[in-house]
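Let me begin by presenting the structure, written as structure tokens, before commenting on it.
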Amino acid sequence: MAYMTSVNAMPAVSVELDNCLFRLAQGETAALEPLYRETSASVYGFALSILKNTHDAEDILHDCYLHICSAAESYRSTGKPMAWILTIVRNLCLQKMRQAKKQYDLPQEDWEPYLESSETMTLEEKLLLKECMERLTDEEREIVMLHAVAGFKHREIAHMMDMALATVLSKYHRAMKKLQKYA
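Residue numbers for the sequence shown, in my numbering: 5 to 187.
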């Protein structure tokens with residue numbers, strides 16, 4: 005095992021994981037099974053601690069091992085293979101959170117066409133809503149659109165926008181008061 009410099013100093017689990025990663029880099033796909041068995045609980049637990057959502061954590065679990073397979077050749081043993089794996093998990097989680105935030109951001113140029121295409125509102129209602137929405141801050145508008153139009157719960161909005169639930173509720177109620185004042 006010439007690829008490891010200080011095998012004696014590494015814990016047995018790290019040696020085993022290093023060996024699995026080395027074998028994966030050589031194209032030996034059978035090495036994925038022991039790697040998965042040894043690390044999947046930690047990978048899932050770490051993803052869950054970041055994302056706070058079991059479905060998303062499961063997605064990251066699967067994506068992580070796909071990424072490990074494709075990136076195994078770039079792995080360089082430092083005696084801490086689990087740190088390398090958890091760095092992949094962290095990066096995938098952050099990427100997922102950025103993608104989720106992008107999906108829920110709703111700038112004016114996106115909500116105006118939505119209002120115009122709505123078949124359930126009269127032209128007068130559309131104009132009134134457009135006028136009112138322009139009076140809200142970007143954050144208030146986003147919260148109102150996510151709750152009132154898209155149907156998300158306040159708790160979900162708080163998670164999406166990385167805000168406290170109380171903050172979302174407060175901003176929503178403040179925005180609704182503004183809208184009532186102009187309606």
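The C-beta atom is built at its ideal place from N, Cα and C for all residues, glycine as well.
Using DSSP with H/G/I as helix, E/B as strand and the rest coil, what is residue i?
| i | result |
| --- | --- |
| Leu169 | helix |
| Pro85 | helix |
| Tyr176 | helix |
| Gln30 | coil |
| Arg80 | coil |
| Arg139 | coil |
| Lys56 | coil |
| Pro38 | helix |
| Lys157 | coil |
In whole angstroms, give me the CA-to-CA distance for residue i and residue j.
| i | j | result |
| --- | --- | --- |
| Asp109 | Cys73 | Bear in mind that a pLDDT of 48 at Asp109, under 50, signals an unreliable position, so the number given afterwards is only what the model happens to contain. Using only the alpha carbons, I get a separation of about 33 Å. |
| Pro15 | Leu39 | 15 Å |
| Arg139 | Ala152 | 16 Å |
| Asp60 | Leu52 | 8 Å |
| Ala104 | Gln184 | 30 Å |
| Ser46 | Lys157 | 30 Å |
| Ser44 | His66 | 9 Å |
| Ala34 | Thr58 | 27 Å |
| Gly83 | Gly31 | 21 Å |
| Tyr79 | Arg159 | 39 Å |
| Glu62 | His163 | 18 Å |
| Tyr48 | Ile64 | 8 Å |
| Met149 | Lys56 | 24 Å |
| Glu135 | Lys182 | 12 Å |
Give me, in chain order, the residues of the same chain whose beta-carbon lies closer than 8 Å to that of residue i; leave out the 5 immediate sequence neighbours on both sides.
| i | result |
| --- | --- |
| Tyr7 | In this predicted model, Tyr7 has a pLDDT of only 46, less than 50, meaning its place in the structure is not dependable; the value taken from the coordinates is given anyway. The residues are Asp22, Phe26 and Ser81. |
| Ile147 | Ile161, Met165, Val172, Lys175, Tyr176 and Ala179 |
Could you round the C-beta distance between residue i and residue j to whole angstroms and report it? I think they count as a contact, below 8 Å.
| i | j | result |
| --- | --- | --- |
| Ala29 | Ala76 | 4 Å |
| Glu144 | Ala168 | Wrong, their Cβ atoms sit about 16 Å apart, outside the cutoff. |
| Cys68 | Leu96 | 6 Å |
| Leu98 | Phe50 | About 12 Å; that fails the 8 Å criterion. |
| Arg94 | Ile54 | 7 Å |
Starting from the C-beta of residue i, find all residues in its chain whose C-beta is less than 7 Å away, skip the five residues before and the five after it, and write them out in chain order.
| i | result |
| --- | --- |
| Leu127 | none |
| Pro85 | Ser18, Leu21, Asp22 and Leu25 |
| Glu42 | Val17, Glu20 and Leu21 |
| Thr141 | none |
Please return the same chain residues whose Cβ sits closer than 6 Å to the Cβ of residue i, not counting the five positions on each side in sequence.
| i | result |
| --- | --- |
| His71 | Ile92 |
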